[in-house]
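Chemist: Input: one structure, supplied below.
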Amino acid sequence: MNFTIKTLWNSTLIGGDRFVQLSLSSTLDKNHLLIEIQAPFFNDSSPSGPAGPFANLWDYEVVELFFLSSSTNHYIELEFSPHGHYLVLLLTDQRQVLKYMLNITDYRVEHQSPDQWYGQASVPRAHFPAHINLFNAYAIHGHGEKRIYEALYPAPMESIKPDFHRLELFQPLAFENLLDIGDKD
């Protein structure tokens, strides 16, 4: 499954042709979701710690994917930076954290050019809530007043501020074509 982020958080089209592209697939045994990210590199400051899990990664240049079960309102938030950092959270309702800093054993980053990066992650099925059926994705870069928020499925233009936890904006995803939707959270 392939997706391209072409809008800002408020439905404004992104100018030019520097879009975040996402590809979702699974391992042959369907035990891991494979995520591939092809994204513009804005060379924002990197997190101060070593590559790997990093708290508050949303404060940096990052691509985020959210997978939601509408039957339970449980969802997973996956964040990936162009510097090899990631953050995995399991939440319920809006922003109620159930699990924080889950580990991913395989996240790799390549800088294919000075202004482009590629990331590939393998996320275990066990991290995902059961019955995933909705999805959204975002990209964030820049600092302060120049901070840019992009969204695959954006909020309406009249929205006041970006909020990536607006679950009503998530759109259908045939997750069962990727991994077993599961019966247990």
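Everything in the sequence shown is counted per the UniProt record's numbering, starting at 1 for the first residue and increasing by one. Glycine included, C-beta positions come from ideal geometry on N, C-alpha and C.
(1) Should residue 48 and residue 134 be called a contact, given that it needs their Cβ atoms to be closer than 8 Å?
(2) At what residue ranges does the segment 103-151 contain a whole run of the beta strand (DSSP E), taking only runs of 3 or more?
(3) Whose CA, out of 90, 64, 62, lies closest to the CA of residue 73?
(4) Does the segment 139-152 come into contact with the segment 3-22, if we say contact requires no fewer than three beta-carbon pairs (one atom in each stretch) closer than 8 Å?
(5) Determine the contact status of residue 33 and residue 123, defining contact as a CB-CB distance below 8 Å.
(6) Can you confirm whether residue 134, when its beta carbon is compared against all beta carbons of chain D, has any partner nearer than 8 Å?
(7) Considering only the alpha carbon of each residue, which of 78, 7, 6 lies closest to residue 125?
(8) Does DSSP classify residue 68 as helix, strand or coil?
(9) Can you name, in chain order, every residue of its own chain whose Cβ lies under 6 Å from the Cβ of residue 42, other than the five neighbours on each side?
(10) Going by Cα to Cα distance, which pick from 3, 53, 58 is closest to residue 36?
(11) Going by CA-CA distance only, name the one from 93, 96, 64 that's closest to residue 86.
(12) Tell me whether the beta-carbon of residue 8 lies closer than 8 Å to the beta-carbon of residue 150.
(13) Considering residue 39, what are the terminal residues of the beta strand (DSSP E) in which it resides?
(14) Quick check on residue 77: does DSSP put it in helix, strand or coil?
Modeler: A quick look at the data gives this:
(1) Cβ distance not < 8 Å, so residue 48 and residue 134 don't count as in contact.
(2) 106-113, 116-124, 134-141, 148-151, all fully within the segment 103-151.
(3) The shortest CA-to-CA distance from residue 73 to any of 90, 64, 62 is the one to 90.
(4) Yes: at least three Cβ pairs fall under 8 Å.
(5) Contact: yes.
(6) Going by chain labels, chain D is absent from the structure shown, which holds only one protein chain.
(7) Taking only the C-alpha atoms, the option nearest residue 125 is 78.
(8) Looking at residue 68 - three-state DSSP - the assignment turns out to be strand.
(9) Sequence-distant partners of residue 42 (beyond 5 residues in either direction) whose C-beta falls short of 6 Å from its own C-beta, in its chain, are 61, 141.
(10) Here the closest residue by C-alpha is 3.
(11) For the residues 93, 96, 64, the minimum Cα distance to residue 86 belongs to 64.
(12) For residue 8 and residue 150, yes; Cβs fall inside 8 Å.
(13) Taken as a continuous stretch (DSSP letters only), the beta strand (DSSP E) holding residue 39 covers 32-40.
(14) Looking at residue 77 - three-state DSSP - the assignment turns out to be strand.
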